[in-house]
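Input: a single structure, listed below in C-alpha cells.
In the working numbering, the protein residues as written are 2 to 1123.
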C-alpha cells in the first residue's frame, strides 16, 4: 500500500476553452458500464485504496484496510490502467465509498490542441459520484486532487502530476475533472516517469461533505440529529445546536416552568425551546423549528430572511433570562455567559482615575489587520492616549493627558467571541465581508487580560465554531461543535450531521484560503464558543433522563402521540370523507333565505368522519348509534346546489333495492364535505319507522310561516305530500304544521330563490300541476289571511324577502387602533352615506358629522381611501357583495375615525403633520393640523398656536420650516398659500416660536440655516437651526452667539470648525477671530432649485450622539415578540 503524497505541485497551465485546452475542471456526461466488457477488464486492475493521513487521531495509528468506514469524509484511491498506448475506450474504476456514496475514477482518450495549435491526443481524467442513482434531489460538495503517479522517478523527482477540483456534485453534474488532464505523448514519454510496462496509475484524494437529499442517517453516523431549514433559518439552526450542547443551559431550559393552557402553548417560547431540545436529544430524524419561530411571533417572511447569528443569540438569551426570573433556574444565563470588564481613564500627570464596570455576554473582536485571536485581544485592551485637542477633563484637575482603555475583571464559563467579519466600507457606503485569514486555536490562555487572577486559570477550550459562507447579501451558516469536549468534532449543516476532523472544523475556517482548493472561498469562522477548562465538567455534564421533569416528558410524549395521530389521519385522509349532518333543529333557528346559514350554523352542524368504503346502511347505523335511534327511523336527504344557486335537500338517486349496498362515497359522488339533512322520527312518535317515501309519487316540502305584524319568518317543519293532492286539501295540513288554529284561512307562497317569492292560490288544482318544476326541497311560506283594512309595512313575504336580500352585516373598526376588532351592524346594501353614518353614530354615541369613514382593501387587509360625506352611492358600492366557493360571505368591513371638527369642514381642509420644537431646541411632540385648502400658512400657524404652550416672555409668533436630512431647506412666509407646501421623501415640517431678536430684521440682517457634519457634509446629523447674522459683524461674535444657543462648553466648542457650504462645496473660515460676516456669502446664486442650493453655515465636529446602525431595506431587526 502506498503512502499519501504531500502535494506541493500546482499546475499553471492556461484555463480550458471550448476546445478542451488544459487548465480548469470540466464536466463530462460520458460514463461506462463495466459489466460484460472484457476488454476493459483486461486493461484495468482492481481499484487500490490508500488510507489518508488521519488528522484527528490521538494514538497516531492509521486506519486498517479492513476497517474502512463507508461514511468517512475523505479517501485516497488508485486506478491502474494497462495498454495505455492502445487505449481507445473510456475506463471506469470500481466504486470507492465516501460519505456513503460511490466514487469512481473516469478516464478516457480525448483530442485537444497543443500550444502550437496542432491537434493531439489527451487523457481525460474525471471524478465521478453517484452516477447510477435515479434520484434527482441528491447533492454532495467535495474537493479533490486528481493525480498521475510517477512509477519511475525521473532525476530523483517522484512527485505526481496534480490538478485540483472543487465541485457540487448532483444528478446533472455527477462527474467533474479535466478533459485534457495531460497530453498522451507526455504520458508515453519514458523520461517523465509516468508510464511503466505500458500502464499508468491514476490516484484521487477526495474530501466530501455529508450529502443532502439522500438517506443519510445522522443519528447512526454521529449519534446526533440536525434541524430542518424553514427557508433561511440556517443561522438559527447553528446557534440552537450550539446552545443545545451547552448542557448546563439545556438542563436549565428543561426545568423552566411553563403554562399548561393549550391556547398559550403555541406562543410559549420556553416550551417551544424545550420541545426542540427534547427532540434533538431523543429523535432519530431531523427536528423542525416551526413551532419555535411561531412562538417568537415570526411571520412567514421572517423565516425567509437571513439575520445575524450573534444578534439572534443576544435576543434569545435576553428573552430566556427574563423568563427564568422568579423560577428555580433564575440566574443561569448570567452564570454561564456574563463576564465583566472595567473601562478606565487614567491621568498621566495627576492622581486621578475614572472607572466604570460593565457586563458583557459576548466580545466583539476586530479581525481586520489581525492574524490571531490573541492579537485581537491585545488590540481590544490597547490603551488610547488622550492628549492635545483630545485631552480629558479631570474635573478640578482641568484638562489632562490621560490613557483610556479597558481591562477584564471576570471571564465567564462560556465565552462567546464574535469575529467582526462584516464592517462598514465608506467607499461603497455598505457593509462588506472581510475574508482575511484569522487563526484561532483549540486552547487559549486569557489570563494576561485580567486585572487580577481569578480563582481558576483563564484557560479556554474551543467548543464550537459557527461558520458563514457567502457575503454581506446572504449566504449559509453551519456549525462545527465538539459535543462532549473530547476533540471529536461534528459538522451541523441544518438537517445533516457528520463527523469531521479537527482540520475541517478549525484550520479550514480561518479564512483567506484563496490558494487552497479544499476550503471554499468566502467561508470562514464568524463566531467562536470557548468553554473554560475548569468549568468543562460542569458546563458539559451529560443530561440524564432524571434531569428532565416528568411533567415535561409526559407533555411532550402526549403531543407526539397526538401528532402521530394527525399524521396517520393525513395519510389515511383519502380513505375517509366528512359528512355534515343537519338535524331539523338547525332549521328552526334560521330566519332567512333557504334552510340554514353556512356561517352561523357551524356550531350546530354535526360532523362525522366516515370511511368511503362504508355502505349507506352502515353509515345510517353510525348515525343511529350517535343519536340513539333505530336505523329505520332515519332517512338521508343530501343537500345540492340548484341552478338558481339555492341549497336544498334532495332524495338520494339510488333505487331502494340497492340503497343499502351502495358505498357512501358512490352515493355522495364527491370528495368534498357532504351536507345532508337527516330526517328522524320524533322522540314522541309511536311509529317504529319513518313512513315509506315513494320518490316517484311523493314530494318533500319544507314549510315556513310569515308574520307581517312582527315581520318574522320562521321555520315550521317539513311534510311529505302525494303529488296528486289538491292545493285546497293541503291547507288544513299546512295550517296545522304552521301552528294556526283549525279552519284558519291561509295565503301561500313559494320561495323560489332569494328575492323571488311567487304567490300560489289555493285551488282544487293538483300539486304537481300548480307548482312549476315541483321537486323535493321546495320551500312553501304560509301566512294568515288578514282583513283588507289592516295595513303593514311589509304585508307579505315578498317585501320581507326583498329587504332581507339586501341586508348585510358590516364590521366597523377604529382606523387609529390597529388592535380594534370592531363592532358589527346590520345594514342594507341600499343604505346611503347618511343612513350609515347615523347608525354608526348611534352605536358610538356621537354626532354623525364627527365621523369619517374609510374603505377596506380586502386583498391588502388594510385601510383604503377616505369616503367623502357627499358620497352619492350606496353601501353596495363601498363593499361589493362577494361569496366564496362554499357560499360563505367574505367579511364586509369599513373603517372610521372620530373627528374634533365636523366632516363637512374637514373635507375642505388639508391635513399636515408638524413637529413642534420648543425654544430649548427639543422636538417635543407631533401636531396634526387642518388648515383650509384655500388658506395660507398663517391659518396653519394660528391653529397650531391653540395647541402649544408659548413662552410668556417670548415673541408669541410662530414660523413654519421645511426640514430634510438634518438641514433647514425652506422658511415659509406667513402669506404663502397652503397649496405651496409640498411634502415628499424624507421631508418634514417643523413649527417653532420665533425668538425676539429674530422677529424684525433690518436690511443688513439675515436668517441663515446652520447644520452639523463631521468632515464630510454627507450625511448631516443633529438638530438644524436658524441664526441671525449681521452684515459686517465679526465672525467671532457670531461664533459666540451660536455657542450660547447650543449651550456647548467652551473646551468642547474649541474643536468646532466653521464653513460656508454652497452647492455641496464647503469653504472653511480659517481665521474666525478676524473674519467679517458678509450677507452676500449666504445669498443663493442659482434660481433653479433655490431651496436646495441656498448656502448654509456648517459646523464641523464629532457626532457624540449614539451611532445608529445603518438599516438595510432587505433586513429588519430580530425580535421575539412573546
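Even glycine gets a Cβ: it sits at the ideal position worked out from N, Cα and C.
Any idea if residue i is buried or exposed, counting beta-carbon neighbours within 10 angstroms, 16 or more meaning buried?
i	result
residue 190	exposed
residue 706	buried
residue 81	buried
residue 434	buried
residue 824	exposed
residue 1147	What the structure shows of the chain is the stretch from 2 to 1123, and residue 1147 is not part of that stretch, so it cannot be assessed.
residue 203	buried
residue 1016	exposed
residue 576	exposed
residue 119	exposed
residue 993	buried
residue 30	Only weak support exists for where residue 30 lies, its pLDDT of 40 falling under 50; the value from the coordinates is given anyway. With fewer than 16 Cβ atoms within 10 Å of its Cβ, residue 30 is classed as exposed.
residue 954	exposed
residue 94	buried
residue 674	exposed
residue 1077	exposed
residue 465	buried
residue 853	buried
residue 75	buried
Apart from the five residues just before and just after residue i, which ones in its own chain have a Cβ nearer than 8 Å to its Cβ?
i	result
residue 1049	1057
residue 187	193 and 195
residue 651	638, 639, 640, 641, 776, 777 and 778
residue 965	986, 987, 988 and 989
residue 630	624, 681 and 682
residue 535	457, 458 and 460
Tell me whether residue i sits in a helix, a strand or coil according to DSSP, three-state version.
i	result
residue 206	strand
residue 570	helix
residue 385	strand
residue 321	helix
residue 525	strand
residue 372	coil
residue 220	helix
residue 137	coil
residue 1105	coil
residue 1070	coil
residue 742	coil
residue 706	strand
residue 858	strand
residue 960	strand
Report yes if the C-beta distance between residue i and residue j is below 8 Å; otherwise report no.
i	j	result
residue 413	residue 339	yes
residue 967	residue 1025	yes
residue 162	residue 123	no
residue 747	residue 732	yes
residue 663	residue 623	no
residue 995	residue 1039	no
residue 273	residue 293	yes
residue 530	residue 97	no
residue 892	residue 833	no
residue 816	residue 912	no
residue 424	residue 432	yes
residue 709	residue 795	yes
residue 146	residue 236	no
Whose C-beta lies closer than 7 Å to the C-beta of residue i among residues of the same chain, with five residues either side of it excluded?
i	result
residue 805	593 and 594
residue 839	849
residue 808	827 and 829
Can you find the residues in the same chain that come closer than 6 Å, C-beta to C-beta, to residue i, ignoring five residues on each side of it along the sequence?
i	result
residue 1104	1015 and 1022
residue 942	959
At 3 residues or longer, and completely inside the stretch 866–946: list those beta strand (DSSP E) runs for me, N to C.
893–899, 913–918 and 924–930
Give the list of continuous alpha helix (DSSP H) stretches no shorter than 4 residues that lie fully inside the stretch 985–1056.
1036–1047 and 1051–1054
Kindly provide the ranges of any alpha helix (DSSP H) runs that are 4 or more residues long and lie completely inside the stretch 529–612, ordered along the chain.
If you keep only unbroken alpha helix (DSSP H) runs of at least 4 residues inside the stretch 529–612, you get 537–540, 551–572 and 585–589.
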